[in-house]
Amino acid sequence: MCFDPITIGALTITAMDAVMVGAGLAATMQGMNSAKAQAKAQAQQYEYQAQVTELDSALRVDEQRRKAAALTSTQRALYGASGASGGSATVLDVLGSTHENAGFNIYNEQLAGQLGAGASRTSAGAAIANGHNSAVGSMMNFGVGLATQMNSKKA
Numbered sequence: 011m012c013f014d015p016i017t018i019g020a021l022t023i024t025a026m027d028a029v030m031v032g033a034g035l036a037a038t039m040q041g042m043n044s045a046k047a048q049a050k051a052q053a054q055q056y057e058y059q060a061q062v063t064e065l066d067s068a069l070r071v072d073e074q075r076r077k078a079a080a081l082t083s084t085q086r087a088l089y090g091a092s093g094a095s096g097g098s099a100t101v102l103d104v105l106g107s108t109h110e111n112a113g114f115n116i117y118n119e120q121l122a123g124q125l126g127a128g129a130s131r132t133s134a135g136a137a138i139a140n141g142h143n144s145a146v147g148s149m150m151n152f153g154v155g156l157a158t159q160m161n162s163k164k165a
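Every position in the sequence shown, counted from 1, becomes a number in our numbering once 10 is added.
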């Protein structure tokens, strides 16, 4: 089989185009994988942050419970030492108010922990979505660039 110089030149250009497309596709795929890996690492960091927030919240709740128990014990001891009746309305009101305030403090700590962890987990989901969108965008850019290049060669 014999080819004339024009056919050989056209085949060389086509082969060079194929190599360029292959190299461009490889670079695009590498960029996509990099974007996904970066997003996964960022999501893992946010998840770790959520776990730390939950642990910190649990420790703060325990601290609030210890403080409430210590305060209630101190109040009871002081009332007992003063000779106030443990069943009097004033003593029960103060102890009830102390218990109620402790409950609010505990609830606030729990809620703050849940909200903080939830925000971190939302950020983790957003990081994954951004990585996916970046990867899809890279592939679309490659396709548009390839189509533009092919159209310019036809003209």
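In this text, a Cβ means the ideal position worked out from N, Cα and C, and glycines have one as well. Note that this is a predicted model, so its numbers are computed, not measured.
Comparing C-alpha distances from residue 124 to each of 49, 157, 57, 98 shows the shortest one belongs to 57. Non-local C-beta neighbours of residue 109 in its own chain, meaning closer than 8 Å and more than five positions away in sequence, comprise 78, 82, ordered along the chain. Below 8 Å, too few C-beta pairs join the region 113 to 129 and the region 34 to 41 to call them touching: fewer than three. Nearest to residue 73 by C-alpha distance, out of 120, 152, 153, 101, is 120. Straight-line measurement puts the Cα of residue 69 at about 55 Å from the Cα of residue 32. Note on geometry: alpha-carbon atoms of residue 133 and residue 67 lie some 19 Å from one another. The three-state secondary structure of residue 106, taken from DSSP, is helix.
The Cβ atoms of residue 140 and residue 49 lie closer than 8 Å to each other. By the criterion of a C-beta distance shorter than 6 Å, residue 101 is surrounded in its chain by 89, 94, once the five residues flanking it on both sides are discounted.
For the set 65, 34, 28, 29, the Cα lying nearest the Cα of residue 149 is the one of 34. Distance from residue 137 to residue 52 at the Cβ level is roughly 4 Å; contact confirmed, criterion being Cβ atoms closer than 8 Å.
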